[in-house]
Structure formats: structure tokens, C-alpha cells
Ligand SMILES: [Mn+2]
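Residue numbers (our numbering): 5 to 418.
As C-alpha cells, then:
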């Protein structure tokens, strides 16, 4: 029978969720406990899989010393692992740097890797030896390439590297302890358990170089959406046989896009939104889904969508009727009026010039950011205001359609 260990990262235990719209009453508690319940599920998973050890690749907490609730839950979980002899290996990341005493210090069965210089621990397990190598962040901003300092050594058996790091630049993530896949492969580990990037990602197949992703998604941003959890790694001797994701999240962020094309009235719109929601709820396996919907496409319903407060009202209307497993978190729109853009671009109308200006802006992200910042202040009640500030393309599209809609309205009035 293959032996197993579990890899988890970026748990940010007991930290608040970020960037969430209005939630209906009764969900505060579910949200507050989600990261801690995901931790309990991780411990259950270690026991069920009969894992020999657990590795935590940084950002266990959102801040260096964690929170009393978070620390208490971690202690309880680790006690449960100890009863079964399951060891824990942890490094600290940029959010919970090892600046003083680790909240994990002194817990039985836990090894916290020191800061700045990688060290290794060899376990003489009944199935054969395993060596785990790791290094903690000593401060938030580590600019050194820590990967270059790892060395396999000559201990027999499996070698696992544990590191919080940036492989190249990633949107939404600070660049810390930068390194390349080649640097990691050169260290001759049999598995690299990485932390920092919040979406699961397999960076290299042989040896596996894996970002486990957050245990529990933390916001409606793309990297935090969909299933989250940990990685079960199966091995024999010094070879990884297989690794697979396990879903341990308690609340799931999802996003759907619904086109208004071909929709005639509000009843059609509600039906289309509910049907899109049913698809993602079905995949969530009973978890609470926090759903963000974006309306796209062109059609006559556009006029309805741009009315003051319409989208927030529509969100409440849908949310009022939902069961416990779905929360309508936000509805945004990049939809437009029923016009043919290409036809308009070819025309002599003023609108053609306006479209040209938008096309130019789309090609210049710096100028676009500048213009959108100004627009957001002037159009606080529009569809534009509801879109996340980081969604530059979405906000530009919404602004373009708003301008077109206003011009068409003028034409109609004349
Ligand atoms: Mn991090």
C-alpha cells in the first residue's frame, strides 16, 4: 500500500473575507467560521487518509501571531494528529513571518522551520525515512531567492521541499522569495510543497512542483473562486506515485456570466440568472455558494439595467427567494444597448468617434486606469460603480456601453 502525506498552504485562519458585497442575514456566522471549519476538515482528511505527516507551506495565519480563536483551533487539531502520531512541518510566509515566537512553537509533534536558511528534518518512520526541508520568512518582504539555498543531502528515502515563494509575477500577489521552476528542480527534491499563490497550480510534473492554493477561498476574485482544499500525495520509497486535490472548503465563491441577448423582459432575466446559478450550486456538493453574476451581451433589457439601483434591487429580489446553499453576492453588468458596434464604427455618427476613443484606451492600461479612476467618482450610482476596481476591461466595457446608451437616448429624444 502506498504511503501518504498531505500538503496545505495559505490557510489564513480566522481572517475576515475581503471584497464581498451585501450578504443576507444569517450568513455572518457561516462566513466567520468557514476557514476554521476547513481546518477541521483538513485534520479529518489527514486521519482518514492515514497520512504520515502534514506540511503547511506558509500563511497559516493572516498575521504573525494569528488570533486567539485561530490558535486555539490549531492546537486542538494538532492534538488530534498527535493521538495518531501524525507529524506536522510548517514554514511561515509573508503574512505570518517568523518575527518573534511562532504561534506553533512548543506544540508537540510540530516542527517549525527557522527563518532565512533552509534546514532539514529526517523522520525515521516505520515505512522508511522521509526528509522534509524548509525555510520560514523572517519578515514580510523577502527579496532573496531562497530556493537556491536548498540541498538534498544524502539521506535515503523521500525528500520534500517546503517553501513560500513567487514563481514569476502573479496578478494579485506580491513578489516574494522569487525563484524559477529550474531553481527548484535543481535542488533535487522529490516533491515541492509551495505556498503563496491562492489558486491551485501544478508548476512542474516530474518532480511535482505544486501550489496547493488556499484551503478556503477568501474573496470573489478569480484565483479564490471554485474548489479549494489540500493535496494528498502518495509515495513509496523516494518516489511520488500520485498527487490529487481534495476539496475541503466550506463556503465557495463562484461567478457566472449571463448574456441579455434574446431576453425580452425581467421574467426572462430572472429565469436566465437562476438557471446559471443552478449549474454552479449543483457542483458545490452542498456547500454554501457565494455567487457573483455578470450580465453581458446586447439587448433591449439594457435600458432596465442602467436604471438607478436596479442591479442591487435585482440581487435582493433573487436572494430573498434562495435556499440556504446559495447567496447572491453581487450582480454587475458589462451589457450594452442593442446596437451593432461594427456597423457603428463604420458610420459617420459621433458615436463612431466615441467608440474609436474607447478602442484606443483599451490598448493603453496606464491611461485607462487614470480615466477610470476619474469616472468612478462621477458615476457612483451606475453599473460601473458595482464592478471591482481591479477589473479594468470590465469597467471600460461598462463605461463604453453607458456612453453609447446615453447617445442613443439623445438620438431617440431628438
Ligand atoms: Mn503569501
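Think of the CB as a built atom: it goes at the ideal place given N, C-alpha and C, for glycine as much as any other residue.
Classification of residue i by the beta-carbon crowding that lies within 10 angstroms, buried from 16 upward
i	result
residue 1	Given a span of 5 to 418 for the chain in the structure shown, any question on residue 1 remains unanswerable.
residue 290	exposed
residue 162	buried
residue 200	buried
residue 150	buried
residue 336	buried
residue 374	exposed
residue 170	buried
residue 364	exposed
residue 360	exposed
residue 135	buried
residue 351	exposed
residue 285	buried
residue 288	buried
residue 193	buried
residue 22	exposed
residue 311	exposed
residue 66	buried
residue 106	buried
residue 399	buried
residue 224	buried
residue 281	buried
residue 391	buried
residue 417	Bear in mind that the predicted position of residue 417 carries a pLDDT of just 45, short of 50, making it too unreliable to give a figure here.
residue 369	exposed
residue 141	buried
residue 197	buried
residue 91	buried
residue 420	Past the boundaries of the shown model lies residue 420; the chain is included only from 5 to 418, so the question cannot be answered.
residue 39	buried
residue 315	buried
beta-carbon residue i near ligand 2 non-hydrogen atom, thresh 7 Å
i	result
residue 259	Of the ligands this structure carries, namely ligand 1, none is ligand 2.
Closer than 8 Å to chain C by CB, residue i
i	result
residue 80	In summary, chain C is missing from the structure at hand, where a single protein chain is found.
Practice problem: For ligand 1, enumerate in chain order all residues having a CB closer than 5 Å to any of its heavy atoms. | Solution: 63, 97, 98, 200
Exercise. Could you tell me which uninterrupted alpha helix (DSSP H) segments, each at least 4 residues in length, are contained entirely in the stretch 337 to 391, listed from first to last along the chain?
Key: Listed in chain order, they are 345 to 350, 354 to 366, 369 to 382, 387 to 390.
Quiz prompt | Any alpha helix (DSSP H) of 4 or more consecutive residues that is wholly inside the stretch 21 to 102 | solution = Within the stretch 21 to 102, the complete alpha helix (DSSP H) runs of at least 4 residues are 32 to 52, 72 to 87.
Quiz prompt | Cβ contact (3+ pairs, closer than 8 Å) linking the stretch 289 to 303 and the stretch 258 to 266 | solution = yes
Quiz item: Can you find at least 3 beta carbon pairs, one from the stretch 41 to 61 and one from the stretch 266 to 281, that sit closer than 8 Å?
Solution: no
Exercise. Decide yes or no for the touch test of the stretch 117 to 124 against the stretch 143 to 154: beta carbon pairs closer than 8 Å, at least 3 of them.
Key: Touching, per the Cβ criterion.
Practice problem: Could you tell me which uninterrupted beta strand (DSSP E) segments, each at least 3 residues in length, are contained entirely in the stretch 166 to 240, listed from first to last along the chain? | Solution: 195 to 199, 205 to 208, 213 to 215, 233 to 240
Quiz prompt | Within the stretch 284 to 332, ranges of the beta strand (DSSP E) (whole runs, at least 3 residues) | solution = 292 to 300
Exercise. Would you check if there are 3 or more beta carbon pairs closer than 8 Å linking the stretch 136 to 149 to the stretch 174 to 184?
Key: yes
Quiz prompt | the stretch 36 to 54 / the stretch 243 to 259 touching (three or more Cβ pairs under 8 Å) | solution = yes
Quiz prompt | Three-pair Cβ contact test at 8 Å for the stretch 303 to 320 versus the stretch 230 to 239 | solution = no
Quiz item: Would you call the stretch 91 to 101 and the stretch 62 to 70 in contact, with 3 or more CB pairs under 8 Å?
Solution: yes
Quiz item: Would you call the stretch 8 to 18 and the stretch 205 to 220 in contact, with 3 or more CB pairs under 8 Å?
Solution: yes
Quiz prompt | Uninterrupted beta strand (DSSP E) stretches inside the stretch 98 to 155 (no shorter than 3 residues) | solution = As far as the stretch 98 to 155 is concerned, its whole beta strand (DSSP E) runs of at least 3 residues are 114 to 116, 123 to 129, 132 to 138.
Practice problem: Give, in chain order, every unbroken run of the beta strand (DSSP E) that is at least 3 residues long and sits entirely within the stretch 253 to 277. | Solution: Within the stretch 253 to 277, the runs of beta strand (DSSP E) at least 3 residues long that lie entirely inside it are, in chain order, 255 to 263.
Quiz item: Are the stretch 331 to 345 and the stretch 404 to 413 in contact at 8 Å, needing three or more beta carbon pairs?
Solution: yes
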